[in-house]
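Only one structure is covered here, and it is reproduced in the block below.
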Amino acid sequence: VGGPADPIAPSIIIPPKNTSVVVGTFEVTLECVANARPLIKLSILWRKNGVQIHRGLRNFGRHLTISGPVVSDSGYYECEASLRSSSAPSVSAGAFLHVLEHPQFVKEPDRHITAEMEKVVDIPCQARGVPQPDIVWYKDALPISPAKTPRYRVLVGGSLQINGLLPDDTGMFQCFARNLA
């Protein structure tokens with residue numbers, strides 16, 4: 047069976063976990079706990095999308111800490127455990143880091159919109175964020191359902207288009223942007 051001095055190939059005991067954080071979070075830490083013998087020869091390295099990382103490593107590579115994560119920090123992070131100067135195969139495990147961003151409006155509706163009856167009017171609303179926000183429209187504090195009001199159509203960018211303007215279309219229109227962040 048092998049004695050206490052015989053080498054043991056590396057194994058990952060606690061792999062990194064898929065993690066989601068929001069921009070503005072102080073820091074995020076991915077963990078990778080490995081075992082091997084002799085422990086002093088155990089080496090853990092990290093890669094993001096296949097490129098080796100040198101910054102943010104702590105506790106002999108068991109922790110990778112990203113301070114002030116931003117959207118560009120999103121990606122696939124992989125830890126690889128190997129036994130230096132050994133023929134034992136290395137092992138790796140990975141997880142996805144998703145850095146989310148709250149919706150921010152790029153275009154908002156004007157405070158007052160005047161248009162002619164029976165014409166087409168577009169009310170602008172556009173938001174960005176990670177993931178891309180969904181836009182929901184309200185008229186007089188009630189959700190707009192294009193299925194119930196076919197003259198109302200939410201365009202690809204998020205703007206609301208009203209076809210064949212009628213007196214009943216007078217009111218307060220609001221757009222809301224939401225995502226998982």
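Sequential numbering of the sequence shown, starting at 47, is according to the working numbering.
Think of the CB as a built atom: it goes at the ideal place given N, C-alpha and C, for glycine as much as any other residue.
Where K87 falls: helix, strand or coil (DSSP): K87 falls in the helix class under three-state DSSP.
With a Cβ-Cβ cutoff of 8 Å, do F219 and I181 count as a contact? no
Through-space distance from R130 to N225, alpha-carbon basis: 45 Å
Measuring only the C-alpha atoms, how far is T160 from H148? 31 Å
Below 8 Å, can you find three or more Cβ-Cβ pairs linking the region 184-198 to the region 138-158? In short, these stretches do not touch, since the Cβ pair count stays below three.
Nearest-angstrom beta carbon gap, A80 and A55 [assumed within contact, 8 Å]: Actually they do not touch by this definition, with Cβ atoms about 11 Å apart.
Quick check on this structure: which residue in S133, G70 and E126 has the alpha carbon closest to the alpha carbon of I60? E126
Need the endpoints of the beta strand (DSSP E) that L121 sits in, please. According to the sequence as given, residue 121 is Gly; it is not Leu. Residues G121 to L129.
Once you ignore the five residues that flank V166 on each side, which residues in its own chain have a CB closer than 8 Å to its CB? Q207, I208, N209, G210 and L211
Could you check how far apart the C-beta atoms of E77 and R108 are, in whole angstroms? I think they sit under 8 Å. 6 Å
Could you give the distance in angstroms between the alpha-carbon of A223 and the alpha-carbon of S89? A straight-line Cα-Cα distance of about 46 Å links A223 and S89.
Contact check, W92 vs Y123 under 8 Å by CB: the rounded distance? Confirmed, about 6 Å.
Can you tell which of L103, N105, A51 and P213 has the C-alpha that lies nearest to the C-alpha of E162? When only C-alpha atoms are compared, the closest one is P213.
Cutting at 7 Å between CB atoms, please list the residues of its own chain near G217, excluding the five before and the five after it. K185 and D186
Does DSSP classify D52 as helix, strand or coil? coil
Taking only the alpha-carbon atoms, compute the straight-line gap between G70 and V117 and give it to the nearest angstrom. If you draw a straight line from the Cα of G70 to the Cα of V117, it comes to about 10 Å.
Is it the case that the Cβ atoms of Q150 and G114 are separated by a distance below 8 Å? no
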